[in-house]
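**Q** With the working numbering applied, the sequence shown covers 7 to 275.
All residues carry an ideal CB built from backbone N, CA and C; glycine is no exception.
All figures in this text were calculated on a predicted structure; none of them were measured in a lab.
Please see the structure below; I have some questions.
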Amino acid sequence: GANGGKIPFGTFNHTETTDTAQDDIISETSHESEPQVQPVNYIEEDSPESENTLPSDLQAKIEAKGLKGIDVSEHNPPSAWRGDLDKIDFVIVKVSEGYTYTDPCSTENLQTAKDAGKLIGAYRLVRPESGVDAVTEAQFFVDELTKAGWDHTWLLACDFEPQYSIKKADGSIDYAANANFCNAFLDEVTRLTGGVRPLMYACAKDINNGGNSWKAVAKSYGLWMAGYPNTETTDSGTFLDSQENMPYQIGPWNYLTIWQYSSAGHLDK
7 GANGGKIPFG
17 TFNHTETTDT
27 AQDDIISETS
37 HESEPQVQPV
47 NYIEEDSPES
57 ENTLPSDLQA
67 KIEAKGLKGI
77 DVSEHNPPSA
87 WRGDLDKIDF
97 VIVKVSEGYT
107 YTDPCSTENL
117 QTAKDAGKLI
127 GAYRLVRPES
137 GVDAVTEAQF
147 FVDELTKAGW
157 DHTWLLACDF
167 EPQYSIKKAD
177 GSIDYAANAN
187 FCNAFLDEVT
197 RLTGGVRPLM
207 YACAKDINNG
217 GNSWKAVAKS
227 YGLWMAGYPN
237 TETTDSGTFL
247 DSQENMPYQI
257 GPWNYLTIWQ
267 YSSAGHLDK
């Protein structure tokens, strides 16, 4: 996901480290100027579905910052992550996808997180390419949340994946169309929940490639970004030191709320 552009990386008081990397909640990672968008080719090896190797010193630096958590789906029943509960602060659970699909592990995953007293999030993988309109998807998501026992303490999120995106005639991703879909979905979820604003999830390449197409989304909704560093993208892992920078642009967003920085092992972290 690195493209040469960098934004300041915040400093935090949380100092606990673990043996497993997790999602890191980041606050106030601001930049002053509008980033220059540079095209980045999306390749499967860098997708959120593939694993990455994180240098141990870099992993330790990341784990020392912010709250730590995981996101889980049908691929991660509680048996896959129950042993990590003492190392994490939050669990974000996939609830549904598209128009009719409910994640078969969502109820068990949510209950396990509740029983462990963890902060809880719930997300929906949207399917702009399906032909189902964004408002209908949002209504289905909120219906599923209600059935799952949702309350206003849960973080909500919209998950955009490029393989399920609206495409142009030449086969490239139509970021304007997809961003409009996501914005309509987010607006409807906000309306149906009485003002709870979800986060927008996307990988670093899609945030960068979409550029100002994401501007309307960024105006109202926080960013949960997947960007997987390694030695090449982080100058040998030094970018987390106090005077170093994060090697990802975040498009029109002013700060990053959650950074998903690893999928190594059995969990997105």
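Nearest by alpha-carbon distance to residue 92: which of 183, 73, 103 is it?
**A** It is 73 whose Cα lies nearest to the Cα of residue 92.
**Q** Mind checking who residue 266 pairs with in its DSSP beta bridge?
**A** Beta-bridge pairing links residue 266 to 232.
**Q** Determine the DSSP secondary structure at residue 198, reduced to helix, strand or coil.
**A** Residue state, collapsed to three classes: helix.
**Q** Roughly how many angstroms separate the alpha carbons of residue 217 and residue 208, rounded to a whole number?
**A** Straight-line Cα distance between these residues: approximately 12 Å.
**Q** Within the segment 111-137, note down every full alpha helix (DSSP H) run reaching 4 residues or more, in order along the chain.
**A** List check, alpha helix (DSSP H) in window: 112-121.
**Q** Where do the N-terminal and C-terminal ends of the beta strand (DSSP E) with residue 96 fall, by residue?
**A** Element bounds for residue 96: 96-103.
**Q** Roughly how many angstroms separate the alpha carbons of residue 155 and residue 178, rounded to a whole number?
**A** One C-alpha to the other measures close to 39 Å.
**Q** Which of helix, strand or coil does DSSP assign to residue 108?
**A** In the structure shown, residue 108 sits in a strand (DSSP, three-state: E or B).
**Q** The beta strand (DSSP E) that contains residue 75, what's its start and end?
**A** Counting along the chain, the beta strand (DSSP E) containing residue 75 begins and ends at 74-78.
**Q** Looking at the unbroken beta strand (DSSP E) that takes in residue 86, where does it start and where does it end?
**A** Per DSSP, residue 86 belongs to no beta strand (DSSP E); it is in the alpha helix (DSSP H), 84-87.
**Q** Given 8 Å as the limit, is there contact between the segment 167-187 and the segment 197-204, that is, 3 or more CB pairs closer than that?
**A** With the cut-off at 8 Å, the segment 167-187 and the segment 197-204 do not touch.
**Q** Does the beta-carbon of residue 121 have 16 or more other beta-carbons within 10 angstroms, so that it is buried, or is it exposed?
**A** Exposed, because fewer than 16 other Cβ atoms sit within 10 Å of the Cβ of residue 121.
**Q** For residue 267 and residue 261, what's the separation of their Cα atoms in angstroms?
**A** Their backbone Cα atoms lie some 16 Å apart in a straight line.
**Q** Classify residue 128: buried if its beta carbon has 16 or more other beta carbons within 10 angstroms, exposed otherwise.
**A** Buried.
**Q** Return the chain-ordered ranges of every alpha helix (DSSP H) run that is complete within the segment 173-229 and spans a minimum of 4 residues.
**A** The qualifying runs are 181-198, 210-216, 221-226.
**Q** Around the C-beta of residue 210, are 16 or more other C-beta atoms found within 10 angstroms, so that it is buried, or is it exposed?
**A** The residue is buried, with at least 16 neighbouring Cβ atoms inside 10 Å.
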